[in-house]
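S.K.: Take a look at this one; I'll ask things after.
There are 2 protein chains.
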Amino acid sequence: MFESAEIGHQIDKETYDAAVPELRQALLEAQMELRQQARFPVFILISGVEGAGKGETVKLLNEWMDPRMIRVENFDQQSDEELARPPYWRYWRRMPPKGQIGIFFGNWYSQMLQGRVHKHIDDAQLDQAIDSAERFERMLCDEGALIFKFWFHLSKQQMKARFKALEDDPRHSWRLSPLDWQQSKTYDRFVRYGERILRRSSRDYAPWYVVEGVDERYRSLSVGRILLEGLQAALKTKNRPQPHPHAAPVAASIDNRGLVDSLDMTQSLDKDSYQQQLVAEQARLATLMRDKRFRRHALVAVFEGNDAAGKGGAIRRMAEALDPRQYRIVPIAAPTEEERAQPYLWRFWRHIPGRGQFTVFDRSWYGRVLVERVEGFCSQADWLRAYNEINDFEEQLTDAGVVLVKFWLAIDQQTQLERFQEREQNPLKRFKITEEDWRNREKWPLYVDAVNDMVDRTSTEIAPWTLVEANDKRFARVKVLRTINDALEAAFARKPK
Amino acid sequence: MFESAEIGHQIDKETYDAAVPELRQALLEAQMELRQQARFPVFILISGVEGAGKGETVKLLNEWMDPRMIRVENFDQQSDEELARPPYWRYWRRMPPKGQIGIFFGNWYSQMLQGRVHKHIDDAQLDQAIDSAERFERMLCDEGALIFKFWFHLSKQQMKARFKALEDDPRHSWRLSPLDWQQSKTYDRFVRYGERILRRSSRDYAPWYVVEGVDERYRSLSVGRILLEGLQAALKTKNRPQPHPHAAPVAASIDNRGLVDSLDMTQSLDKDSYQQQLVAEQARLATLMRDKRFRRHALVAVFEGNDAAGKGGAIRRMAEALDPRQYRIVPIAAPTEEERAQPYLWRFWRHIPGRGQFTVFDRSWYGRVLVERVEGFCSQADWLRAYNEINDFEEQLTDAGVVLVKFWLAIDQQTQLERFQEREQNPLKRFKITEEDWRNREKWPLYVDAVNDMVDRTSTEIAPWTLVEANDKRFARVKVLRTINDALEAAFARKPK
Numbered sequence: 068m069f070e071s072a073e074i075g076h077q078i079d080k081e082t083y084d085a086a087v088p089e090l091r092q093a094l095l096e097a098q099m100e101l102r103q104q105a106r107f108p109v110f111i112l113i114s115g116v117e118g119a120g121k122g123e124t125v126k127l128l129n130e131w132m133d134p135r136m137i138r139v140e141n142f143d144q145q146s147d148e149e150l151a152r153p154p155y156w157r158y159w160r161r162m163p164p165k166g167q168i169g170i171f172f173g174n175w176y177s178q179m180l181q182g183r184v185h186k187h188i189d190d191a192q193l194d195q196a197i198d199s200a201e202r203f204e205r206m207l208c209d210e211g212a213l214i215f216k217f218w219f220h221l222s223k224q225q226m227k228a229r230f231k232a233l234e235d236d237p238r239h240s241w242r243l244s245p246l247d248w249q250q251s252k253t254y255d256r257f258v259r260y261g262e263r264i265l266r267r268s269s270r271d272y273a274p275w276y277v278v279e280g281v282d283e284r285y286r287s288l289s290v291g292r293i294l295l296e297g298l299q300a301a302l303k304t305k306n307r308p309q310p311h312p313h314a315a316p317v318a319a320s321i322d323n324r325g326l327v328d329s330l331d332m333t334q335s336l337d338k339d340s341y342q343q344q345l346v347a348e349q350a351r352l353a354t355l356m357r358d359k360r361f362r363r364h365a366l367v368a369v370f371e372g373n374d375a376a377g378k379g380g381a382i383r384r385m386a387e388a389l390d391p392r393q394y395r396i397v398p399i400a401a402p403t404e405e406e407r408a409q410p411y412l413w414r415f416w417r418h419i420p421g422r423g424q425f426t427v428f429d430r431s432w433y434g435r436v437l438v439e440r441v442e443g444f445c446s447q448a449d450w451l452r453a454y455n456e457i458n459d460f461e462e463q464l465t466d467a468g469v470v471l472v473k474f475w476l477a478i479d480q481q482t483q484l485e486r487f488q489e490r491e492q493n494p495l496k497r498f499k500i501t502e503e504d505w506r507n508r509e510k511w512p513l514y515v516d517a518v519n520d521m522v523d524r525t526s527t528e529i530a531p532w533t534l535v536e537a538n539d540k541r542f543a544r545v546k547v548l549r550t551i552n553d554a555l556e557a558a559f560a561r562k563p564k
Numbered sequence: 068m069f070e071s072a073e074i075g076h077q078i079d080k081e082t083y084d085a086a087v088p089e090l091r092q093a094l095l096e097a098q099m100e101l102r103q104q105a106r107f108p109v110f111i112l113i114s115g116v117e118g119a120g121k122g123e124t125v126k127l128l129n130e131w132m133d134p135r136m137i138r139v140e141n142f143d144q145q146s147d148e149e150l151a152r153p154p155y156w157r158y159w160r161r162m163p164p165k166g167q168i169g170i171f172f173g174n175w176y177s178q179m180l181q182g183r184v185h186k187h188i189d190d191a192q193l194d195q196a197i198d199s200a201e202r203f204e205r206m207l208c209d210e211g212a213l214i215f216k217f218w219f220h221l222s223k224q225q226m227k228a229r230f231k232a233l234e235d236d237p238r239h240s241w242r243l244s245p246l247d248w249q250q251s252k253t254y255d256r257f258v259r260y261g262e263r264i265l266r267r268s269s270r271d272y273a274p275w276y277v278v279e280g281v282d283e284r285y286r287s288l289s290v291g292r293i294l295l296e297g298l299q300a301a302l303k304t305k306n307r308p309q310p311h312p313h314a315a316p317v318a319a320s321i322d323n324r325g326l327v328d329s330l331d332m333t334q335s336l337d338k339d340s341y342q343q344q345l346v347a348e349q350a351r352l353a354t355l356m357r358d359k360r361f362r363r364h365a366l367v368a369v370f371e372g373n374d375a376a377g378k379g380g381a382i383r384r385m386a387e388a389l390d391p392r393q394y395r396i397v398p399i400a401a402p403t404e405e406e407r408a409q410p411y412l413w414r415f416w417r418h419i420p421g422r423g424q425f426t427v428f429d430r431s432w433y434g435r436v437l438v439e440r441v442e443g444f445c446s447q448a449d450w451l452r453a454y455n456e457i458n459d460f461e462e463q464l465t466d467a468g469v470v471l472v473k474f475w476l477a478i479d480q481q482t483q484l485e486r487f488q489e490r491e492q493n494p495l496k497r498f499k500i501t502e503e504d505w506r507n508r509e510k511w512p513l514y515v516d517a518v519n520d521m522v523d524r525t526s527t528e529i530a531p532w533t534l535v536e537a538n539d540k541r542f543a544r545v546k547v548l549r550t551i552n553d554a555l556e557a558a559f560a561r562k563p564k
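Chains as they are written, first to last, in the numbering used here: chain G, 68 to 564; chain A, 68 to 564.
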């Protein structure tokens, strides 16, 4: 969930200076329109890692917009009056009225996160707290509110560096003392439970936006653009009171760099290393699958990727290591009539392996947020809610002991072109290339956005995406096998629940 | 939540025999239309108290409708295959396809309820399970499903009687052995946690319907009518995929008897008893409010009732006992401009007392499901979701130690007429009666439905409604005071959390 906020996004000064005046003007206009319509309030929730620029961003928003119509609410220690009443009273009493913006610096998520980090509450209680927050937000949105939830992020290393620089700055003494944050365990727990909160409380009507905080210009521009798009969309839909549909998730594309762009696509293996490593990983897989601890688990491997990225080849190399009775490959194509008569996820649920079994999905439930999104086969509302449904689904799998590995096989456009041409010239492979493949290729930028959003929203601690640099098929195949083996080993090492 | 399902509803044979043919015909037609449209599946969840006629009702539905398009799914012991997979797999594999009806006899709620009754899980885990169920149902409804959730109910005495009669019948050996149910503790726990489940998982798109199970004809007709109305409404709205709005909650009005009708309105107090009891209860209240244990609590008293039912007088008798600094009376009229700029509940949250304080609401947040519903001041969607929001709100209050007492002061139509006329003739009271009061009076039957639904959906273990027979003002005033005193005493006796 945080991967694409750890790749060092940045915007150069020139670009920034060119973009800001227009953005500020548009934000101001939106704010005026918001006040004039006075139809709904706007909530901006500020959360995230220490040192990731939360305070600076709030300050900047007040500079960019009219601060008379923004209330910044800080929720630190509860007052006596607040302690004497139900916990949410403090939020009710400081809600922005219709037409205004409330920036909640520290909010209902802060308290539960601190509580879990410091072990005052357990997972079940955290889930209860998340559930309360969700009911609260649902009510707000049913009443017309527009909610933005920002998570400002830094990798641990980025944080430490920034933290060092800020050490003598008195502004950042928020909740956790700096001492806390110096312990890398605190960071780990904070990010781990933060991820759980984001995963469970990101809803189509109130999604989380993860913003990398290391580069001030990137951070500021990202937040400004997200706010502007969301505000403009909400101001346009004049018939309330359904929850405002949020703009599509904004991929980290302001600097034209997504996660996939940050891969080192030159990685490769020579023939000898490949043979050696392949055989070793295949043997390892065969052994792991026969391990008696596998009976407590199941294995699900999901393969997605660009056309011609080599999914089939990678799956075959994995299958070679195994007895055909040990695995099942489920190719996902257009749904059958029976499948169309059921909810979207039904056709995947039916193939979920039992304990001790292994299922490979050649394409998967991610079709909804990839091809169906790009081709318009489903409505925006459908694919927006799919991120949640998929996270729920995968959580159910991993809770039941399923080891879930998800691969995105990435190639660059040039490599794809070469492979397409090669396929057309090879009579044995010609069947693999169709008009549709060429059409899809034209939608490359749309797929880039879809893949970035997908990884941002569904790469979770319990079911992370593995991006596979697949320009070199050998490298890709070994990486796939090794990832599966590592995941199995890690699962075996964990104590059974 | 179960009050109106314990008043001995019944339908005589003649009425039943007259109603059934038409109902069956209409149900069959709806079922055919459902199959023809094949736009959405129907889920019927069967839950509730042992012996309340669950099995008989399912049997009957199969007789009334075309059983070839109904799948009855029984979820008892999990199979080996099911145990090897995530818990919800068993539901996914038996879902009705679009155009068909699935009756889930035992379902996702059964397991969590059993688990909590038998202390295998605690409250937080129960809430997690409820949350999972809610996500699942939300997904189903987003995909177009129509869900009916039935809770078949019996009071403990009704159950014991019925249970005795069924003792030798082999059909009712479902989950809990009869032995379990003979322990009255099991019934108590089952109903208590059942109520928690209903309260938290009743949503406008998938509400619970509580059906009193003691009279077979009443039970059958209720279920049949609820299904028919829901089906017809869903078949009409051809533009999916928003969750189907359910028909308005069906009050237990099939036999024209609601909770209020079951009150004994002849109850009264003579002047001497009144004086004596009033003074005693006032003294008791004064003492309780000075008790040091009150510092851990707060008191909120809600007064609703028919026009001219005597709310003001009852409140005054309570106030007489106290120092004005000890309480605040908040009269609820039309919202101010500031209040209209906020979510509905905001104007009540702002008056929530702190610990050691007492607030009286003269009319309250129930306005939304009473006057606003009846007068059409808000949309049906708004008042339907209000039941949940109110239950959430009140749970937050009681979780924070607030003692919440809610009064519905009920008078009959004749008494109201007499009081209206008396007011008109009395120069000191003439200001209390307006054209609007006369207009409201014409909507008496609409208010009866609204009050029944309100009590059914918001009288909860944590915040029960007290219906006050108010034809006799003296009786009403004493009952109000005594109820408050009893509630305070009960709260003081409970161990602090």
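Backbone N, C-alpha and C define an ideal beta-carbon position, used for all residues, glycine too.
1) Does DSSP classify Leu534/G as helix, strand or coil?
2) Along chain G, in chain order, which residues have C-beta atoms closer than 7 Å to that of Met179/A?
3) Using a beta-carbon distance cut-off of less than 8 Å, what residues from the segment 153-176 of chain A approach chain G?
4) Span of the alpha helix (DSSP H) holding Tyr433/G?
5) Would you list, in chain order, the members of the segment 394-410 of chain G that have their beta-carbon closer than 9 Å to a beta-carbon of chain A?
6) Ordered along the chain, which non-local residues of its own chain (more than five positions away) have a Cβ less than 8 Å from that of Gly421/G?
7) Taking the C-alpha atoms as reference points, what is the distance between Ala368/A and Gly379/A?
8) Quick check: the Cα distance between Asn129/A and Arg205/G, rounded to an integer number of angstroms?
9) The alpha helix (DSSP H) spanning Arg508/A covers which residue range?
10) What residues of chain G sit near Ala557/A, judged by a beta carbon separation below 9 Å?
11) Check whether the segment 460-477 of chain G and the segment 525-545 of chain G are in contact - that is, three or more C-beta pairs closer than 8 Å.
12) Throw me the rounded Cβ distance for the Ile321/A and Ile137/A pair, which I believe falls under 8 Å.
13) Which residues in chain A sit within 7 Å of Arg202/G, going by Cβ to Cβ distance?
14) Quick check: Glu70/G and Ser526/G, are their CB atoms within less than 8 Å of each other?
15) Cα-Cα, which of Glu210/G, Gly423/G, Pro164/G, Gly291/G is closest to Ala97/G?
16) Measuring only from the beta carbon, is Trp175/A closer than 7 Å to any heavy atom that is part of the ligand SAM?
17) On the DSSP letters alone, give me the boundaries of the alpha helix (DSSP H) that Tyr341/G sits inside.
18) Could you pull out every residue in the same chain whose Cβ sits closer than 6 Å to the Cβ of Leu127/G, ignoring the five residues on either side in sequence?
19) When the distance is taken between beta carbons, is Ile170/G closer than 8 Å to Val125/G?
20) Measure the alpha-carbon distance for Gln181/A versus Ala353/G and round it to whole angstroms.
21) Hey, which unbroken runs of the beta strand (DSSP E) at 3 residues or more fall wholly within the segment 133-212 of chain G?
22) Nearest to Arg357/A by alpha carbon, out of Ala301/A, Ile293/A, Gly423/A, Leu298/A?
23) Under 7 Å Cβ to Cβ from Arg183/A, same chain only, skipping five residues before and after it: list those, please.
24) Would you say Ala554/G lies against chain A (beta-carbon separation less than 8 Å)?
25) Please state whether the Cβ-Cβ distance between Ser114/G and Glu201/G is less than 8 Å.
26) Of all the residues that make up the segment 463-494 of chain G, which are near chain D by a beta-carbon distance shorter than 8 Å?
27) Using a Cβ-Cβ cut-off of 8 Å, state whether Asp133/G counts as contacting chain A.
28) At which residue ranges does the segment 426-478 of chain G contain complete beta strand (DSSP E) runs of 3 or more residues, listed in the order of the chain?
29) Measuring only between beta-carbons, confirm whether Ala319/G sits less than 8 Å from chain A.
30) Measuring only the C-alpha atoms, how far is Val87/A from Phe217/A?
31) Kindly list, in the order they appear in chain A, the residues whose Cβ is closer than 7 Å to that of Glu456/G.
32) Would you tell me roughly how many angstroms separate the C-alpha atoms of Pro308/G and Arg102/G, rounded to the nearest one?
33) For Glu536/G versus Met332/G, is the C-beta distance shorter than 8 Å?
34) Could you list which residues in chain A have their beta carbon closer than 8 Å to that of Asp194/G, in chain order?
35) Please decide whether Ala151/A counts as near chain G, where near means a Cβ-Cβ distance under 8 Å.
36) Between which residues of its own chain and Lys546/A is the CB-CB distance below 7 Å, once the five residues before and five after are set aside?
M.R.: Based on what the coordinates show:
1) Looking up residue 534/G in the first sequence gives position 467. Leu534/G falls in the strand class under three-state DSSP.
2) To locate residue 179/A, count along the second sequence from 1; it is residue 112. Result: empty, since nearest Cβ-Cβ is about 13 Å, beyond 7 Å.
3) Pro153, Pro154, Tyr155, Trp156, Trp159, Arg160, Met162, Pro164, Lys165, Gly166
4) What you label residue 433/G is simply residue 366 of the first sequence in a count that begins at 1. No alpha helix (DSSP H) holds Tyr433/G; DSSP gives it neither H nor E.
5) Glu405, Arg407, Ala408, Gln409, Pro410
6) One-based indexing of the first sequence puts residue 421/G at position 354. Result list for Gly421/G: Ala365, in chain order.
7) Your numbering for residue 368/A matches position 301 in the second sequence. Your numbering for residue 379/A matches position 312 in the second sequence. Answer to the nearest angstrom: the Cα atoms are 13 Å apart.
8) If you number the second sequence from 1, residue 129/A lands on position 62. If you number the first sequence from 1, residue 205/G lands on position 138. Each residue's alpha carbon lies about 38 Å from the other.
9) Counting from one through the second sequence, the residue named residue 508/A turns up at place 441. That run of the alpha helix (DSSP H) goes 502-509.
10) Locating residue 557/A in the second sequence gives position 490, counting from the first residue. Neighbours of Ala557/A on chain G: none; closest Cβ ~20 Å, over 9 Å.
11) yes
12) Residue mapping note: residue 321/A aligns to position 254 of the second sequence, counting from 1. Residue mapping note: residue 137/A aligns to position 70 of the second sequence, counting from 1. Actually they are not in contact, since the Cβ atoms of Ile321/A and Ile137/A sit about 23 Å apart, beyond 8 Å.
13) Along the first sequence, read from residue 1 onward, the residue named residue 202/G stands at position 135. Those are Asp459, listed as they occur along chain A.
14) Residue numbering aside, residue 70/G sits at position 3 when the first sequence is read from its first letter. Residue numbering aside, residue 526/G sits at position 459 when the first sequence is read from its first letter. Yes. Within cutoff.
15) Here residue 97/G refers to the residue found at position 30 of the first sequence. It is Gly291/G.
16) Among the components modelled here there is no ligand, and therefore nothing to report on the ligand SAM.
17) Working through the first sequence from its first residue, we reach residue 341/G at position 274. Its alpha helix (DSSP H) spans residues 338-357.
18) On the first sequence, position 60 is the one that residue 127/G refers to. Here the set comprises Ser287.
19) One-based indexing of the first sequence puts residue 125/G at position 58. One-based indexing of the first sequence puts residue 170/G at position 103. Closer than 8 Å, so yes.
20) Position 114 of the second sequence, counting from 1, holds the residue named residue 181/A. Position 286 of the first sequence, counting from 1, holds the residue named residue 353/G. Cα to Cα, the separation comes out at about 42 Å.
21) 137-141, 168-172
22) The residue given as residue 357/A occupies position 290 in the second sequence. Of Ala301/A, Ile293/A, Gly423/A, Leu298/A, the residue nearest in Cα terms is Gly423/A.
23) The residue you call residue 183/A lines up with position 116 of the second sequence. So the qualifying residues of the chain are Leu193, Tyr260.
24) Locating residue 554/G in the first sequence gives position 487, where the first residue counts as 1. No, no contact with chain A.
25) Along the first sequence, one-based indexing puts residue 114/G at 47. Along the first sequence, one-based indexing puts residue 201/G at 134. No, these two residues do not count as a Cβ contact at 8 Å.
26) In the structure shown, chain D cannot be found, because the protein chains are G and A.
27) Position 66 of the first sequence, counting from 1, holds the residue named residue 133/G. Closer than 8 Å: no.
28) 469-477
29) Taking the first sequence and counting its residues from 1, the one referred to as residue 319/G is at position 252. Summary for Ala319/G: the model assigns pLDDT 48, below 50, so the residue's position carries little reliability; its value from the coordinates is reported in the next sentence. With 8 Å as the cut-off, Ala319/G does not count as an interface residue toward chain A.
30) Start at 1 with the first residue of the second sequence, and residue 87/A comes out as number 20. Start at 1 with the first residue of the second sequence, and residue 217/A comes out as number 150. Approximately 20 Å between the Cα atoms of the pair.
31) Position 389 of the first sequence, counting from 1, holds the residue named residue 456/G. In chain order: Met206.
32) Walking along the first sequence from the start, residue 308/G turns up at place 241. Walking along the first sequence from the start, residue 102/G turns up at place 35. Any reading at Pro308/G must be qualified, since the residue scores a pLDDT of 47, below 50, and its modelled position is unreliable; the value itself is stated next. Pro308/G and Arg102/G: Cα-Cα distance of roughly 18 Å.
33) Position 469 of the first sequence, counted from the first residue, corresponds to residue 536/G. Position 265 of the first sequence, counted from the first residue, corresponds to residue 332/G. Yes, the Cβ-Cβ distance between Glu536/G and Met332/G is below 8 Å.
34) Counting from one through the first sequence, the residue named residue 194/G turns up at place 127. What Asp194/G touches in chain A: Ala191, Asp194, Gln195, Asp198.
35) The residue given as residue 151/A occupies position 84 in the second sequence. Judged by the 8 Å Cβ criterion, Ala151/A is in contact with chain G.
36) As a working mapping, residue 546/A is identified with position 479 in the second sequence. So the list reads Val535, once near-sequence residues are dropped.
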